[in-house]
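The structure under discussion appears below in the form of structure tokens.
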Amino acid sequence: MRVLGLETSCDETGVALYDSEQGLLADALFSQIDLHRGYGGVVPELASRDHLKRLLPLIRQVLDKAKTSPADLHGIAYTAGPGLVGALLVGASCGKALAMAWGIPALGVHHMEGHLLAPMLEAAPPSFPCIALLVSGGHTQLVRIDAIGRYQLLGESLDDAAGEAFDKTAKLLGLNYPGGPEIARLALRGNLGRFVFPRPMTDRPGLDMSFSGLKTFTLNTWQNCVSAGDNSEQTRCDIALAFQQAVVETLAIKCQRALQQSGLKHLLIAGGVSANAALRERLAAMLQKTGGQVFYARPEFCTDNGAMIAYAGCQRLLAGQREDLKINVRARWPLAELPALEAEHG
Ligand code: ATP
Ligand code: MG
Ligand code: FE
1 MRVLGLETSC DETGVALYDS EQGLLADALF SQIDLHRGYG GVVPELASRD
51 HLKRLLPLIR QVLDKAKTSP ADLHGIAYTA GPGLVGALLV GASCGKALAM
101 AWGIPALGVH HMEGHLLAPM LEAAPPSFPC IALLVSGGHT QLVRIDAIGR
151 YQLLGESLDD AAGEAFDKTA KLLGLNYPGG PEIARLALRG NLGRFVFPRP
201 MTDRPGLDMS FSGLKTFTLN TWQNCVSAGD NSEQTRCDIA LAFQQAVVET
251 LAIKCQRALQ QSGLKHLLIA GGVSANAALR ERLAAMLQKT GGQVFYARPE
301 FCTDNGAMIA YAGCQRLLAG QREDLKINVR ARWPLAELPA LEAEHG
């Protein structure tokens, strides 16, 4: 089965073609980061209009690259939520319209299921059951995956998502959006131990997390340095490293707890923050000690992309899931509301 995937939930237009036998055939992405940079965040109306402009040329590009004609397609998967409603509607209506014209089914995919399954596109994919850490710009959750579509929420951030904390912290240090890669870049030149940040909620039992305090801690640390006359690049690097360490350490402690409680040895990490090299290294080292293993997607499939939507949609279409012609998108959509997928998947 060959499925075209469309991702338009936020500020990235992603298109990809996935084949259940041959794997990923082609993918293309247009990031709107430059469009929104001057506003300090994503402007929903600008995002929708840009998706409208980019989507069809990207679809043509992907089909050409994979030497695939619409007649070779078996379905179209589009992101139906959660996300910005106007942006979602662009992908949904385009997907539905093309599917109708081409006489194939269209299916709405859950954006977070897309993120969760992105590591399945790699050469050595994880097997289920496993524990998943979903760390993105809008979500920080620990999930138990028993099968595709069977997700149990074990814990989550009670305030900011980890990616959001990276973005806000970067902003107050005067860095660009998105903040995660910027902080990671500065942290490489930081001096370990000059500042030590707290590991929020790790002294309490349970799997919930909190990241908004770290942002305040950063602000206070930076302001203290600045008022003492030190606004040097080195200090910024030292703070970036201390912040990143605190987030990584907190996530590692919570992951370890989830693995221990479940008795599982496989950990999957997904979402934009799973591209973070320090997080990957820390978790790999942690799991090596217990004979476990950590799985993640290549960096470009950690953040928003069309490949994860094509993959997730293909699995659901293969299992026989279909929907009617109504265009439904959801700004909010708990992962636990997804139907389980019982059929075999390859
Ligand atoms: P959601 O998927 O929850 O709706 P989103 O789509 O905005 O949110 P993603 O695209 O998965 O989120 O990830 C974007 C986030 O990942 C941003 O917050 C960004 O700062 C963060 N991020 C990207 N690369 C890195 C990195 N190397 N280190 C840390 N954070 C990173
Ligand atoms: Mg984005
Ligand atoms: Fe995302």
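Just so you know, the UniProt record's numbering puts 105 at position 105 of the sequence shown, and the rest follows in order with no gaps.
Using N, Cα and C, we set each Cβ at its ideal position, and we do this for glycine too.
Taken from the Cβ of D304, at least one heavy atom of ligand 3 lies inside 7 Å.
Between L25 and Y18, the beta carbon gap of about 7 Å places them in contact (Cβ cut-off 8 Å). Shown here, H266 sits in a strand according to DSSP, grouped into three states.
Taking a contact as a CB-CB distance under 8 Å, the pair L214 and A184 does not count as one, their CB atoms being some 15 Å apart. Contact check for P299 against A275 passes: the beta carbons are separated by less than 8 Å. The criterion of a C-beta distance shorter than 8 Å is not satisfied by L207 and A252. Contact between the segment 33–45 and the segment 113–121 is absent, with fewer than three C-beta pairs closer than 8 Å. One alpha carbon belongs to Q152, the other to E233, and they sit about 43 Å apart. Contact between the segment 119–137 and the segment 81–95 is absent: fewer than 3 CB-CB pairs across the two stretches fall below 8 Å. Contact between the segment 304–315 and the segment 3–12 is present: 3 or more CB-CB pairs across the two stretches fall below 8 Å. Residue nearest to Q22 within the set Y311, L325, R316 is Y311 (criterion: CA-CA distance).
Relative to ligand 3, G137 has its C-beta within less than 7 Å of a heavy atom. Around the beta-carbon of S136, 16 or more other beta-carbon atoms lie within 10 Å, marking it buried.
Sequence-distant partners of R322 (beyond 5 residues in either direction) whose C-beta falls short of 6 Å from its own C-beta, in its chain, are P105. Within a 10 Å sphere around the beta-carbon of V196 sit fewer than 16 other beta-carbons, which makes this residue exposed. The three-state secondary structure of F30, taken from DSSP, is strand. Beta-bridge analysis with DSSP links C130 to I145.
Boundaries of the alpha helix (DSSP H) harbouring V85: 85–102, taken from the DSSP string.
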